[in-house]
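In my numbering, each residue's number is its place in the sequence shown (first place is 1) plus 1387. Ideal placement from N, C-alpha and C gives every residue a C-beta, glycine not left out. Values in this document were obtained by computation on a predicted structure and should not be read as measured data. As structure tokens, the structure follows; a few thoughts come after it.
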Amino acid sequence: MAWFKKTRKPRAAAPEKSSRVPEGLWVKCPRCAQIIYNKDLAASLMVCPKCAYHHRLAAAERLRILFDDGAWEEFDRELVSTDPLKFVDTRPYRDRLAAGIATTGLRDAIIVGEGRLDGIRAIVGAMEYGFIGGSMGVVMGEKITRALERAVNHRLPVIIVSCSGGARMMEGALSLMQMAKICAALARLDRERLPYLSILTDPTTGGVTASFAMLGDLNIAEPGALIGFAGPRVIEQTIRQKLPEGFQRSEFLLEHGMLDLIVDRRELKSVLARGLRFMGCTGQDSEAKTP
Ligand SMILES: [Zn+2]
């Protein structure tokens, strides 16, 4: 017989009172567990005021932060994937597309637009992670390529903010071809001596890392972002070795020469403007200088 015995039954848990605080008003930081007022978080560009954890940003929000007065002209908004392989996994790709369109209000996982960044005319593309993990299919490839061609025609610099799980497997080899297509367009931009700045945010993986995200004249990452090709678990299983601490995070990549800079989101715009000016884009006459 046990020495101690509970003679009384534990009191039943009080029925959970419904909170009077409306949902979405407070956010808990996943790193420091600080409870943050939503408006304060938005005011600091979704960076935790306490520990500087960078929360993920929606594509439209990203452009609003970067462009002067939050204003830009959007290109190729109407492009939408045609599901060329009629792909079905756990659910049809067509349904996934419809769900992505319904939840984000976008037609695919990137917004491309032209506006001014601290007075400098530039084309900026920002990826939307909420749309099938920011994956790169035919539409994203086409939108980025068109943006690069437009940049060549109008002599403008290009900035692409990556936030992507990689190539969109539901479009098979067609999605992989976008890597080569975008890189070819980037080579033309390079021949025209126009700047391309790549911003890597959490996460930037797979075919996006393996192509244009690593090809910037400056490769700039946000702090603590996951950046890699294959995921750590896959690598560990393949090479049968334990991976080092912080592997595939921005800081680790900077230390090993894969990145040029890590920039806090609150300073990103001014750093980009400085970079563009350094590369010959002037604010006032609005066009990049011809060499
Ligand atoms: Zn925090």
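Requested in this report: Name, in chain order, the residues that DSSP records as bridge partners for M1523.
Outcome: The residue labelled residue 1523 in the question sits at position 136 within the sequence shown. Looking at the DSSP assignment, M1523 forms a beta bridge with A1554.
Requested in this report: State yes or no: is the C-beta of I1488 within less than 8 Å of the C-beta of K1530?
Outcome: On the sequence shown, position 101 is the one that residue 1488 refers to. On the sequence shown, position 143 is the one that residue 1530 refers to. No, these two residues do not count as a Cβ contact at 8 Å.
Query - Distance, L1444 Cα to Q1421 Cα - result: Counted from its first residue, the sequence shown places residue 1421 at position 34. Counted from its first residue, the sequence shown places residue 1444 at position 57. Roughly 19 Å separates the two Cα atoms.
**Report entry** Coarse secondary structure for T1591, derived from DSSP in three states
**Finding:** Numbered from its first residue, the sequence shown carries residue 1591 at position 204. If DSSP states are grouped into helix, strand and coil, T1591 belongs with the strands.
Query raised in the report: Leaving out five residues before and five after L1655 in sequence, what residues of the same chain have Cβ atoms less than 8 Å from its Cβ?
Result: On the sequence shown, position 268 is the one that residue 1655 refers to. Correct list, in chain order: I1452, L1453, I1586, I1607, E1609.
Requested in this report: Determine the contact status of G1552 and Y1583, defining contact as a CB-CB distance below 8 Å.
Outcome: Start at 1 with the first residue of the sequence shown, and residue 1552 comes out as number 165. Start at 1 with the first residue of the sequence shown, and residue 1583 comes out as number 196. Taking C-beta atoms as the reference points, G1552 and Y1583 fail to come closer than 8 Å.
Query raised in the report: With a Cβ-Cβ cutoff of 8 Å, do C1550 and M1523 count as a contact?
Result: For the purposes of this step, residue 1550 is taken as residue 163 along the sequence shown, with counting starting at 1. For the purposes of this step, residue 1523 is taken as residue 136 along the sequence shown, with counting starting at 1. Taking 8 Å as the cut-off, the beta carbon of C1550 is found no closer than this to the beta carbon of M1523.
Requested in this report: State the DSSP-derived secondary structure class of C1570, mapped to helix, strand or coil.
Outcome: The count along the sequence shown starts at 1 and reaches residue 1570 at position 183. DSSP, read as helix, strand or coil, puts C1570 in helix.
Query - Pairwise C-alpha distance: L1563 and D1470 - result: Counting from one through the sequence shown, the residue named residue 1470 turns up at place 83. Counting from one through the sequence shown, the residue named residue 1563 turns up at place 176. Taking the straight line joining both Cα atoms gives about 15 Å.
Query raised in the report: How do the region 1554 to 1574 and the region 1504 to 1514 stand: do at least 3 beta-carbon pairs fall below 8 Å, yes or no?
Result: Between the region 1554 to 1574 and the region 1504 to 1514, the count of Cβ pairs shorter than 8 Å is below three; the stretches do not touch.
Query raised in the report: What residues in its chain sit with their C-beta under 7 Å from that of A1600, if we drop five residues either side in the sequence?
Result: Stepping through the sequence shown from its first residue, residue 1600 is reached at position 213. Closer than 7 Å at Cβ, skipping near neighbours: S1549, S1585, L1587, T1591.
Report task. Give a single yes or no on whether R1443 has its beta carbon closer than 7 Å to a heavy atom of ligand 1. Result -> Walking along the sequence shown from the start, residue 1443 turns up at place 56. Answer for R1443: no, Cβ out of range of ligand 1.
Requested in this report: Within its chain, find whatever has a CB closer than 7 Å to the CB of G1662; leave out the 5 residues flanking it on each side and keep chain order.
Outcome: Reading the sequence shown from its first residue, position 275 is the one you call residue 1662. Once the five neighbours on either side are set aside, the close Cβ partners of G1662 are L1584, L1605.
Query - Contact shell at 6 Å, judged by CB to any heavy atom of ligand 1, ordered along the chain - result: Cβ-based neighbours of ligand 1 within the cut-off: C1416, R1418, C1419, Q1421, C1435, K1437, C1438, Y1440.
Report task. Starting from the N-terminal side, write out each stretch of the beta strand (DSSP E) that is 3 residues or longer and does not extend beyond the region 1597 to 1660. Result -> Qualifying beta strand (DSSP E) stretches, in chain order: 1605 to 1608.
Query raised in the report: Who does Y1583 pair with in a DSSP beta bridge?
Result: Along the sequence shown, one-based indexing puts residue 1583 at 196. Paired residue(s): V1545.
Query raised in the report: Just how far apart, CA to CA, sit E1694 and R1494?
Result: Outside the shown range of the chain, which is 1388 to 1678, sits residue 1694, and nothing can be said about it.
Requested in this report: Could you spell out where the alpha helix (DSSP H) holding R1449 opens and where it closes?
Outcome: As a position in the sequence shown, residue 1449 is number 62, starting the count at 1. For R1449, the enclosing alpha helix (DSSP H) has its first and last residue at 1446 to 1453.
Requested in this report: From the DSSP output, in three-state form, read off A1509 for me.
Outcome: Mapped onto the sequence shown, residue 1509 falls at position 122. Secondary structure at A1509: strand, using DSSP grouped into helix, strand and coil.
Query raised in the report: Helix, strand or coil: which one does DSSP assign to V1475?
Result: Sequence index remark: in the sequence shown, residue 1475 carries index 88 (1-based). Note: V1475 maps to strand in three-state DSSP.
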